[in-house]
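Engineer:
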Amino acid sequence: MTKPKTPHFDTLSLHAGARPDRETGARATPIYQSASFVFPDSDHAAALFNMERAGHVYSRISNPTCAVLEERIAALEGGVGAIATASGQAALHLAIVTLLGAGLHIVASRALYGGSHNLLDFTLPRFGVETTFVDPRDLDAWRAAIRPETRLFFGETLGNPGLDVLDIPRVADLAHDHGLPLLVDSTFTTPYLLQPFVHGADLVFHSATKFLSGHGVVIGGLLVDSGQFDWDTPKARGKFPTLTEPYEGFHNMVFAEESTVAGFLLRARREGIRDFGACMAPFTAFQILQGIETLPLRMARHVENARRIVAFLVAHPLVESVGYPELPAHPDHALAAKLLPKGCGAVFSFNLKGTRAQGRTFVEALKLFSHLANVGDAKSLVIHPASTTHFRMTAEDLVRAGVTEGMIRLSVGLENPDDLIEDLSRALYAAGKA
Amino acid sequence: MRAVVLGNDVYAYTGSRAVDAARPSVVFIHGAGNDHSVWALQSRYFAYHGWNALAVDLPAHGRSGGVPLATVEALGDWIAGFLDAAGVAQAALVGHSMGSLIALECAARHADRVLKLALVGTAAPMPVSEVLLDAAKRNDHLACELITGWSFSAGKQLGGNQVPGLWLTGNGLRLLEREKPGVLYADLSACNGYLAGEASAAQVRCAVLAILGARDLMAPAKNARALIAKFADPRIVTVPDCGHSLMAEQPDAVLDALREFL
Chain A
0 MTKPKTPHFD TLSLHAGARP DRETGARATP IYQSASFVFP DSDHAAALFN MERAGHVYSR
60 ISNPTCAVLE ERIAALEGGV GAIATASGQA ALHLAIVTLL GAGLHIVASR ALYGGSHNLL
120 DFTLPRFGVE TTFVDPRDLD AWRAAIRPET RLFFGETLGN PGLDVLDIPR VADLAHDHGL
180 PLLVDSTFTT PYLLQPFVHG ADLVFHSATK FLSGHGVVIG GLLVDSGQFD WDTPKARGKF
240 PTLTEPYEGF HNMVFAEEST VAGFLLRARR EGIRDFGACM APFTAFQILQ GIETLPLRMA
300 RHVENARRIV AFLVAHPLVE SVGYPELPAH PDHALAAKLL PKGCGAVFSF NLKGTRAQGR
360 TFVEALKLFS HLANVGDAKS LVIHPASTTH FRMTAEDLVR AGVTEGMIRL SVGLENPDDL
420 IEDLSRALYA AGKA
Chain B
0 MRAVVLGNDV YAYTGSRAVD AARPSVVFIH GAGNDHSVWA LQSRYFAYHG WNALAVDLPA
60 HGRSGGVPLA TVEALGDWIA GFLDAAGVAQ AALVGHSMGS LIALECAARH ADRVLKLALV
120 GTAAPMPVSE VLLDAAKRND HLACELITGW SFSAGKQLGG NQVPGLWLTG NGLRLLEREK
180 PGVLYADLSA CNGYLAGEAS AAQVRCAVLA ILGARDLMAP AKNARALIAK FADPRIVTVP
240 DCGHSLMAEQ PDAVLDALRE FL
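Sequence order for the protein chains is A and B. Read in order, the letters of the first sequence are residues 0 to 433 in numbering that gives the first Met the number 0. Read in order, the letters of the second sequence are residues 0 to 261 in numbering that gives the first Met the number 0.
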């Protein structure tokens with residue numbers, strides 16, 4: 000037998016999880032806009048409910064269109080499977096509640112998306128889950144924050160908004176030394192730029208609203224399991240009873256025994272999605288699939304455009320600094336070269352010289368860059384983090400998160416880079432005159 | 000459930016149900032480098048439909064202790080020892096790939112213990128390619144990649160899993176990666192060295208079912224013909240568009256064939 004050929008990333012982006020519809024021959028993945036699915040007979044129904052047969056019962060639990068998306072992202076990430084959720088926040092919540100309950104603890108990077116920070120710092124403590132935030136670059140801080148009740152490490156591949164590059168291999172090694180999994184938010188990089196599982200991460204989630212979709216018309220999330228973490232290994236033993244002990248809520252199923260490599264996803268689907276219900280709509284899954292088909296092409300262009308704009312801004316007299324890991328001055332320059340050889344994405348921040356009013360003038364003078372709270376769109380976007388995504392933070396917290404009051408965040412789209420530079424140039428001129 | 004076989008702690012999945020002497024029993028035996036979880040859907044079905052379903056982890060595999068046994072014959076005897084340890088006098092045996100050879104040997108050597116025999120993805124002899132054996136001997140990841148690449152039909156390499164949200168090849172690869180160093184090589188060597196298939200088949204007295212994948216590259220259906228011809232009254236179910244990992248690729252087809260047979 001000849002050595003089997005594994006399909007390449009570009010091919011998987013188009014085909015993974017999908018095949019022409021058997022009934023109609025439709026080449027595109029159909030939108031199965033149905034709340035529920037007919038049982039052939041009562042025995043089959045009972046077998047579906049009890050996980051003795053494979054298939055769909057009710058679209059909150061699973062749906063054929065969503066399943067294609069779940070397989071596709073699992074294939075692109077190199078995982079064992081995934082669950083599509085109502086949003087990236089829902090994916091983060093699902094990961095946490097599948098593993099943790101009251102009295103348990105998370106160690107997280109402090110360079111997080113404001114929404115994630117809100118969930119961990121303000122909301123989860125109300126349910127008894129605490130988080131210690133650490134400088135993602137400080138491995139000793141990660142280590143020092145571990146408590147007996149710690150169950151999860153969490154960080155972003157590229158921290159928001161300073162683009163701190165998470166040293167996944169070292170943070171994962173530390174987590175594993177203590178029998179803990181590492182969860183990574185990979186929204187900014189997508190599997191095209193970085194596959195966290197290759198470097199040791201155990202769980203990944205995405206806000207699929209961003210680069211995976213690219214079109215900015217849906218809200219959705221994806222939670223992916225590497226299948227690499229052994230929940231019952233001696234170091235982890237006793238830490239994860241949701242996976243290693245009988246669950247009364249599902250016929251005393253022991254999820255890590257039911258599936259050696261996908262026990263986490265089984266529990267997340269059979270409890271978290273079932274009970275919390277933050278599932279993805281099939282039409283949303285269809286739209287995200289359309290985006291992923293062109294993910295490799297778009298990400299390459301996003302990075303190319305971002306590099307052009309970074310070079311322009313670095314040379315501009317009104318720009319104080321640019322935070323992009325490919326620049327030698329960025330503290331994670333060497334790490335980025337190692338983990339992100341294809342590029343550091345298309346979201347980055349820079350600091351304007353001048354007053355806060357000049358910053359406002361700059362944002363309002365832009366014509367192609369849209370002023371809004373999103374990233375990863377095909378269209379270029381701009382925002383002022385201190386007054387929007389991070390507005391709940393105190394001045395002290397802002398400094399710790401690497402946000403300054405004059406910071407401008409750009410999400411570079413797919414327009415012609417000359418037009419984007421022209422837009423930025425005009426706005427910088429206006430800011431200079433303000 | 001846990002049991003002690005030949006002095007080693009052994010795990011068998013039972014669908015979270017205790018073994019009941021009043022129920023018929025069926026033992027599921029996995030293939031090389033795998034564990035009980037490859038039978039998750041099928042074994043769970045039988046566990047909730049009047050059977051003691053015992054999907055065992057072979058020695059040194061999955062959650063079982065001990066060291067891997069070197070021959071299919073020794074593993075066939077080990078299954079008889081497992082039945083003793085589980086308190087099961089007689090059982091139907093269902094084996095996949097290497098597990099099918101183990102089930103066959105157990106049925107031939109312990110005929111009074113085996114009521115029915117179902118062989119999934121079977122062939123005998125079951126020669127293993129030199130490149131795969133060499134990679135497994137070196138504990139090279141290539142061995143896992145080769146098996147994963149050859150175990151699924153071409154269509155399934157791109158997905159379309161019946162189990163929502165799970166990526167078939169990712170699951171197959173990760174399960175192989177979980178095995179301890181040396182286990183896969185021991186398994187493949189046992190398969191490669193097993194030459195008694197046809198002779199043992201001639202000794203089997205119970206009913207036999209063969210479930211074959213029409214697109215199986217690891218144990219091509221044509222390679223099973225000579226073996227199956229040696230059984231007194233074999234039944235054959237060929238699953239169309241299916242590779243070697245039949246329970247994962249076509250779980251319902253495998254279950255339906257087993258339901259009808261058992």
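Cβ atoms here follow ideal geometry from the backbone N, Cα and C, with glycine treated the same way.
Comparing alpha-carbon positions, which option in Leu100(B), Leu132(B), Pro67(B), Ala110(B) lies nearest alanine 209(B)?
Structural biologist: In the second sequence, residue 209(B) corresponds to position 210, counting from 1. Selected option, being the one with the closest Cα: Leu100(B).
Engineer: For a contact defined as C-beta to C-beta under 8 Å, what are the partners of glycine 86(B) on chain A?
Structural biologist: Here residue 86(B) is taken as the residue at index 87 of the second sequence, counted from 1. Per Cβ cutoff of 8 Å: no residues; glycine 86(B) is ~20 Å from chain A at best.
Engineer: Applying a beta-carbon distance threshold of less than 9 Å, which residues of chain B neighbour isoleucine 105(A)?
Structural biologist: Sequence index remark: in the first sequence, residue 105(A) carries index 106 (1-based). Here the premise fails: no neighbours, minimum Cβ distance about 25 Å.
Engineer: For alanine 328(A), does the three-state DSSP call read helix, strand or coil?
Structural biologist: Position 329 of the first sequence, counted from the start, is the residue given in the question as residue 328(A). Correct three-state label for alanine 328(A): coil.
Engineer: Can a CB atom of chain A be found closer than 8 Å to the CB of leucine 53(B)?
Structural biologist: Looking up residue 53(B) in the second sequence gives position 54. Taking 8 Å as the CB threshold, leucine 53(B) stays off the interface with chain A.
Engineer: Glutamine 227(A) touches chain B at which residues, Cβ-Cβ below 7 Å?
Structural biologist: For the purposes of this step, residue 227(A) is identified with residue 228 of the first sequence, where counting begins at 1. Result: Arg173.
Engineer: Using only alpha-carbon positions, find the residue among Ile308(A), Glu257(A), Leu13(A), Glu51(A) that is nearest to glutamate 70(A).
Structural biologist: Within the first sequence, numbered from 1, the residue matching residue 70(A) stands at position 71. The residue with the shortest Cα to Cα distance from glutamate 70(A) is Leu13(A).
Engineer: Closer than 7 Å by C-beta to leucine 211(A): which residues in its own chain qualify, once you throw out the five before and the five after it? Chain order, please.
Structural biologist: Within the first sequence, numbered from 1, the residue matching residue 211(A) stands at position 212. The residues are Thr189, His205, Ile287, Gly290, Ile291, Leu294.
Engineer: Closer than 9 Å by beta-carbon distance: list the chain A residues that pair up with proline 250(B), in chain order.
Structural biologist: By one-based count along the second sequence, residue 250(B) stands at place 251. Chain A residues near proline 250(B): Arg52, Ala53.
Engineer: Would glycine 86(B) be called buried (16 or more neighbouring beta carbons within 10 Å of its own) or exposed?
Structural biologist: Working through the second sequence from its first residue, we reach residue 86(B) at position 87. Exposed, because fewer than 16 other Cβ atoms sit within 10 Å of the Cβ of glycine 86(B).
Engineer: Spell out whether any CB of chain A is found under 8 Å from the CB atom of glutamine 202(B).
Structural biologist: Position 203 of the second sequence holds residue 202(B). With 8 Å as the cut-off, glutamine 202(B) does not count as an interface residue toward chain A.
Engineer: Quick check: is the beta carbon of leucine 187(B) nearer than 8 Å to any beta carbon in chain A?
Structural biologist: Here residue 187(B) corresponds to residue number 188 of the second sequence, with the count starting at 1. No - not a single Cβ of chain A is within 8 Å of the one on leucine 187(B).
Engineer: Strictly under 8 Å for the Cβ-Cβ distance: is lysine 2(A) near chain B by that measure?
Structural biologist: Numbered from 1 along the first sequence, position 3 holds the residue referred to as residue 2(A). Yes, its Cβ sits closer than 8 Å to a Cβ of chain B.
Engineer: Under three-state DSSP, which class holds leucine 118(A)?
Structural biologist: The count along the first sequence starts at 1 and reaches residue 118(A) at position 119. Helix.
Engineer: For the region 182-209 of chain A, which segments carrying the beta strand (DSSP E) assignment without a break, of at least 3 residues, lie completely within its bounds, in sequence order?
Structural biologist: 202-206, all fully within the region 182-209 of chain A.
Engineer: Considering only residues of the same chain and omitting the five flanking positions on each side of cysteine 143(B), which have a CB-CB separation below 8 Å?
Structural biologist: Residue 143(B) sits at position 144 when you count from the first residue of the second sequence. When the five nearest sequence neighbours on each side are left out, the beta carbons in the same chain lying within less than 8 Å of the beta carbon of cysteine 143(B) are those of Gly32, Leu172, Leu175, Glu176, Leu183, in order along the chain.
Engineer: Classify phenylalanine 38(A) as helix, strand or coil using the three-state DSSP reduction.
Structural biologist: Against the first sequence, residue 38(A) aligns to sequence position 39. It is coil, neither helix nor strand.
Engineer: Do tryptophan 141(A) and the ligand MN come close, with the Cβ less than 7 Å from some heavy atom?
Structural biologist: With respect to the ligand MN, the structure shown offers nothing to examine, as it has no ligands at all.
Engineer: DSSP three-state label for histidine 250(A), please.
Structural biologist: Within the first sequence, the letter at position 251 stands for residue 250(A). Histidine 250(A) sits in coil when the DSSP states are folded into three classes, being neither helix nor strand.
Engineer: Among Leu351(A), Gly77(A), Gly100(A), which one has its Cα closest to the Cα of glycine 199(A)?
Structural biologist: What you label residue 199(A) is simply residue 200 of the first sequence in a count that begins at 1. If we check each option's Cα against that of glycine 199(A), Gly77(A) comes out closest.
Engineer: Using a Cβ-Cβ cutoff of less than 7 Å, which residues in the same chain neighbour alanine 213(B) once the five nearest sequence positions on both sides are dropped?
Structural biologist: Locating residue 213(B) in the second sequence gives position 214, counting from the first residue. Answer for alanine 213(B): Ala220, Thr237, Val238, Pro239, Asp240, Cys241, listed in chain order.
Engineer: Rounded to a whole number of angstroms, what is the C-alpha to C-alpha distance between phenylalanine 38(A) and alanine 85(A)?
Structural biologist: On the first sequence, residue 38(A) is found 39 positions in, with the first residue counted as 1. On the first sequence, residue 85(A) is found 86 positions in, with the first residue counted as 1. Taking the straight line joining both Cα atoms gives about 26 Å.
Engineer: Compute the Euclidean distance between the alpha carbons of aspartate 166(A) and leucine 334(A), then round it to the nearest angstrom.
Structural biologist: Residue mapping note: residue 166(A) aligns to position 167 of the first sequence, counting from 1. Residue mapping note: residue 334(A) aligns to position 335 of the first sequence, counting from 1. If you take the alpha carbons of aspartate 166(A) and leucine 334(A), they lie about 7 Å apart.
Engineer: Can you name, in chain order, every residue of its own chain whose Cβ lies under 6 Å from the Cβ of valine 127(B), other than the five neighbours on each side?
Structural biologist: Position 128 of the second sequence, counted from the first residue, corresponds to residue 127(B). For valine 127(B), where only same-chain residues beyond five positions count, the Cβ hits under 6 Å are Leu187, Cys190, Asn191.
Engineer: Using a Cβ-Cβ cut-off of less than 7 Å, give me the residues of the region 34-64 of chain B that come near chain A, in sequence order.
Structural biologist: Asp34, Ser36, Ala39, Leu40, Arg43, Tyr44, Tyr47, Gly61
Engineer: Using C-beta distances below 7 Å, list every residue in its chain close to serine 150(B), excluding the 5 sequence neighbours before and after it, in chain order.
Structural biologist: In the second sequence, the residue the question calls residue 150(B) occupies position 151. Answer for serine 150(B): Gly171, Met217, Gly242, His243, Ser244, listed in chain order.
Engineer: Could you say if the region 227-246 of chain A and the region 168-182 of chain A meet the contact criterion of at least three C-beta pairs nearer than 8 Å?
Structural biologist: yes
Engineer: Compile a chain-ordered list of the residues in the region 92-108 of chain B whose CB is closer than 8 Å to at least one CB of chain A.
Structural biologist: none
Engineer: Between the alpha carbons of aspartate 134(A) and valine 203(A), how many angstroms are there, rounded?
Structural biologist: Numbered from its first residue, the first sequence carries residue 134(A) at position 135. Numbered from its first residue, the first sequence carries residue 203(A) at position 204. Taking the straight line joining both Cα atoms gives about 20 Å.
Engineer: What are the residues that DSSP puts in a beta bridge with alanine 143(A)?
Structural biologist: Counting from 1 along the first sequence, the entry for residue 143(A) is found at position 144. Its beta-bridge partners do not exist; DSSP assigns none.
Engineer: Secondary structure at methionine 406(A), three-state DSSP: helix, strand or coil?
Structural biologist: As a working mapping, residue 406(A) is identified with position 407 in the first sequence. Three-state DSSP puts methionine 406(A) in a strand.
Engineer: In chain A, which residues lie with their C-beta within 8 Å of the C-beta of valine 238(B)?
Structural biologist: In the second sequence, the residue the question calls residue 238(B) occupies position 239. The contacting residues do not exist; valine 238(B) stays about 15 Å from chain A at best.
Engineer: Let me make sure I understand the geometry here. Which of Leu371(A), Lys378(A), Lys234(A) has the alpha-carbon closest to that of glycine 213(A)?
Structural biologist: As a position in the first sequence, residue 213(A) is number 214, starting the count at 1. Closest by alpha carbon: Lys378(A).
Engineer: Flag this pair as touching only if the region 250-261 of chain A and the region 315-333 of chain A have three or more C-beta atom pairs under 8 Å; answer yes or no.
Structural biologist: By the C-beta criterion, the region 250-261 of chain A is judged not to be in contact with the region 315-333 of chain A, since fewer than 3 inter-stretch pairs fall below 8 Å.
Engineer: Closest Cβ-Cβ distance between tryptophan 166(B) and chain A: below 8 Å?
Structural biologist: Mapped onto the second sequence, residue 166(B) falls at position 167. It does: the Cβ of tryptophan 166(B) has a partner Cβ on chain A nearer than 8 Å.
Engineer: Listing by chain order, which chain B residues have their CB less than 7 Å from the CB of proline 6(A)?
Structural biologist: Working through the first sequence from its first residue, we reach residue 6(A) at position 7. Correct list: Gln156, Leu157.
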